[in-house]
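Structure first, commentary second.
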Amino acid sequence: MKFKIILILSVIVLLFGCATYPRTSEEQAKHHANKARAAFSKGDSTEKSDHIDTALTETSGDIRIKELFVSHPQGRDYYRMHLEETIARVSNVYQANAAFDRLSAAKSAGLFPEDQMNDLLAKLEKTVTNGNVSGSIPFDFSEPIDRFPYLNDPVNQRIMLDRSIKNLQTKGNGNRPVKALIEYVQKVGPDSAEGKRIESLLPTLNIRSDELDIIANVFPQFVKARKEEISVSVFLQVKNGDRLLTEDILQALRGKVRGV
Numbered sequence: 512m513k514f515k516i517i518l519i520l521s522v523i524v525l526l527f528g529c530a531t532y533p534r535t536s537e538e539q540a541k542h543h544a545n546k547a548r549a550a551f552s553k554g555d556s557t558e559k560s561d562h563i564d565t566a567l568t569e570t571s572g573d574i575r576i577k578e579l580f581v582s583h584p585q586g587r588d589y590y591r592m593h594l595e596e597t598i599a600r601v602s603n604v605y606q607a608n609a610a611f612d613r614l615s616a617a618k619s620a621g622l623f624p625e626d627q628m629n630d631l632l633a634k635l636e637k638t639v640t641n642g643n644v645s646g647s648i649p650f651d652f653s654e655p656i657d658r659f660p661y662l663n664d665p666v667n668q669r670i671m672l673d674r675s676i677k678n679l680q681t682k683g684n685g686n687r688p689v690k691a692l693i694e695y696v697q698k699v700g701p702d703s704a705e706g707k708r709i710e711s712l713l714p715t716l717n718i719r720s721d722e723l724d725i726i727a728n729v730f731p732q733f734v735k736a737r738k739e740e741i742s743v744s745v746f747l748q749v750k751n752g753d754r755l756l757t758e759d760i761l762q763a764l765r766g767k768v769r770g771v
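If you're matching positions, the sequence shown starts at 512 in our numbering and goes up one per residue.
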């Protein structure tokens, strides 16, 4: 009986939540703008910023937040300071991307004059580049940098290259920048000093057999030698020539062993 009561209450709470939270993107933008407006009245700084951030991701969110700043002129200055604090708190790649997305939303909404917006973007650029160089925001070739084109300069690329090599030397799983590493070699040329250095380090990298074809486009001799090194021939003979059993065994092996 007690379990049934708890279950009924849970369903009621769920239905109540679904009924009160707006369904459309425009309604959600209005909802979060109103929540931010209420937070201004309460002086809740955290709630203000959270609702403004969320409203700007919804349809017509830019209009709703501009209306909010008209009724609460101090909100524009406050939100700019919030974005500056967001940039200052960036300490990893995920946070760098999140900060960029918030700045992009603010820019698209036209919340600030161009000079203020450019200043915020410049602060993020400085934070990201300094963090990449120091290692506090460690980008490697597994990370897309479309948002941060300034990381394509030679200094940052070399740092990301060394970090990618180190990650492939020490990590077996997780982000594996093998494809991006080979694309980098194709860009600088396999016969360049950097290309030769990478080729010399290939034996030290944890490269999976299913990644060898990617490397073969640039370093075919290494791949040929590695395949010969890791390949083994196994002959399977099933008693009475049971074809179905043979196929079942092969299927099981393919699920466990690469290259079968």
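Cβ atoms here follow ideal geometry from the backbone N, Cα and C, with glycine treated the same way.
Because the structure is a prediction, the values reported are computed rather than measured.
Let me confirm a value: residue i is counted as buried when at least 16 other C-beta atoms fall within 10 Å, else exposed. Which label applies?
i, result
"Y695", "buried"
"Q539", "buried"
"D702", "exposed"
"Y590", "buried"
"G554", "exposed"
"D651", "buried"
"V522", "Residue placement at V522 is flagged as unreliable, the pLDDT there being 40, under the threshold of 50; a coordinate-derived value is accordingly withheld."
"N629", "exposed"
"L712", "exposed"
"G700", "exposed"
"M671", "buried"
"R687", "buried"
"D564", "buried"
"I741", "exposed"
"G572", "buried"
"A550", "buried"
"F611", "buried"
"S552", "exposed"
"K541", "buried"
"S653", "buried"
"E722", "buried"
Select from the options the residue whose C-alpha is nearest the C-alpha of residue i.
i, options, result
"P533", "T570, E758, L579, P624", "T570"
"K559", "T535, E537, R587, I574", "R587"
"N603", "Q762, V639, E722, D564", "V639"
"K661", "K677, N641, G646, N678", "According to the sequence as given, residue 661 is Tyr; it is not Lys. With distances taken between Cα atoms, Y661 lies closest to N641."
"R548", "V581, V689, D673", "V581"
"R600", "F623, H583, K637, T568", "K637"
"V689", "D724, Q668, D657", "D724"
"G621", "I574, I741, R765, S536", "I574"
"S647", "L567, R674, P584", "R674"
"V644", "H542, Q668, Q627, L631", "Q668"
"L679", "P714, P655, Q697, D657", "P714"
"N608", "E705, I656, S552, T535", "I656"
"E595", "Q627, R708, K577, L579", "Q627"
"T597", "L716, L632, A550, H542", "L632"
"L567", "A544, Q762, G706", "A544"
"P649", "K634, F623, Q606", "Q606"
"Y546", "G706, D721, L579", "Correcting the residue identity first, residue 546 is Lys in this sequence and not Tyr. Per the Cα distances, L579."
"E710", "R765, Q697, E654", "Q697"
"F659", "K677, L635, E705, G706", "L635"
"G706", "S720, I726, R719, N717", "I726"
Measuring only from the beta carbon, is residue i closer than 7 Å to any heavy atom that is part of the ligand COA?
i, result
"I726", "The ligand COA is absent from the structure shown, which contains no ligand whatsoever."
Problem set entry | Meets three-Cβ-pair contact criterion under 8 Å: the stretch 725-734 and the stretch 685-699 | yes
For this session: Quick one: which unbroken alpha helix (DSSP H) runs of 4-plus residues sit fully inside the stretch 610-673? Chain order, please.
Result: 625-645
For this session: Determine contact between the stretch 662-677 and the stretch 612-632, defined as no fewer than three beta-carbon pairs at a distance below 8 Å.
Result: no
For this session: Run through the stretch 530-592 for me and flag every whole alpha helix (DSSP H) of 4 or more residues, listed as ranges in chain order.
Result: 536-553, 556-566, 572-582
Problem set entry | alpha helix (DSSP H) segments (min. 4 residues) lying fully within the stretch 687-730 | 689-699, 704-712, 723-727
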